[in-house]
Amino acid sequence: MIQRAVQLAGDAPINVSHLPSWMVSSAHALSTYPMALPDKGIRLEAVEQGLIKQALKRAHGNKSKAAALLGLTRHTLLYRMEKYGISAPERD
Numbered sequence: 001m002i003q004r005a006v007q008l009a010g011d012a013p014i015n016v017s018h019l020p021s022w023m024v025s026s027a028h029a030l031s032t033y034p035m036a037l038p039d040k041g042i043r044l045e046a047v048e049q050g051l052i053k054q055a056l057k058r059a060h061g062n063k064s065k066a067a068a069l070l071g072l073t074r075h076t077l078l079y080r081m082e083k084y085g086i087s088a089p090e091r092d
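In my numbering, the protein residues as written are 1 to 92.
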């Protein structure tokens with residue numbers, strides 16, 4: 001990956017256009033994470049529940065796709081849904 005970036009850049013400095021798209025999108029996601037930890041703290045369970053619900057909605061109820069959005073296995077997503085009493089919306 002580094003060798004490819006060096007080859008693409010030639011004599012110029014390496015920039016974002018020389019990097020694989022998956023690396024750029026992952027770095028962008030990390031650098032733009034919209035949530036900061038509040039001074040009083042936060043319930044991690046509430047955050048997790050909210051993200052699971054968002055992923056299920058975005059995936060139109062498809063649990064495999066929702067799990068992939070969250071970086072989880074389908075089995076782990078199902079476990080957490082049961083743990084929090086979350087049901088999937090009706091699939092389109």
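In this text, a Cβ means the ideal position worked out from N, Cα and C, and glycines have one as well.
Nothing here was measured: the structure is a model prediction, and the numbers come from that model.
In three-state DSSP terms, what is R43?
Position 43 of the sequence shown, counted from the start, is the residue given in the question as residue 43. In this structure, R43 counts as coil in the three-state DSSP scheme.
Considering only residues of the stretch 65-90, which uninterrupted alpha helix (DSSP H) runs meet the minimum length of 4 residues and lie entirely inside it, listed in chain order?
Within the stretch 65-90, the complete alpha helix (DSSP H) runs of at least 4 residues are 74-84.
Quick check on this structure: which residue in L56, I42 and H60 has the alpha carbon closest to the alpha carbon of L72?
Translated into the one-based positions of the sequence shown, residue 72 becomes position 72. The residue with the shortest Cα to Cα distance from L72 is L56.
Determine the closest residue to V124 out of P89, E90 and Y84, with distance taken between C-alpha atoms.
Residue 124 lies beyond the stretch modelled for the chain, which goes from 1 to 92, so this question has no answer here.
Could you tell me which of S87, P38 and A36 sits nearest to K63, measuring between CA atoms?
For the purposes of this step, residue 63 is taken as residue 63 along the sequence shown, with counting starting at 1. Of the candidates S87, P38 and A36, the one whose C-alpha sits nearest the C-alpha of K63 is S87.
So what does DSSP say about I14, is it helix, strand or coil?
Numbered from its first residue, the sequence shown carries residue 14 at position 14. The answer is coil: DSSP assigns I14 none of H, G, I, E or B.
When the Cα atoms are used, what is the spatial distance from L70 to M81?
In the sequence shown, counting from the first residue as 1, residue 70 sits at position 70. In the sequence shown, counting from the first residue as 1, residue 81 sits at position 81. Looking at the two C-alpha atoms, the distance is approximately 13 Å.
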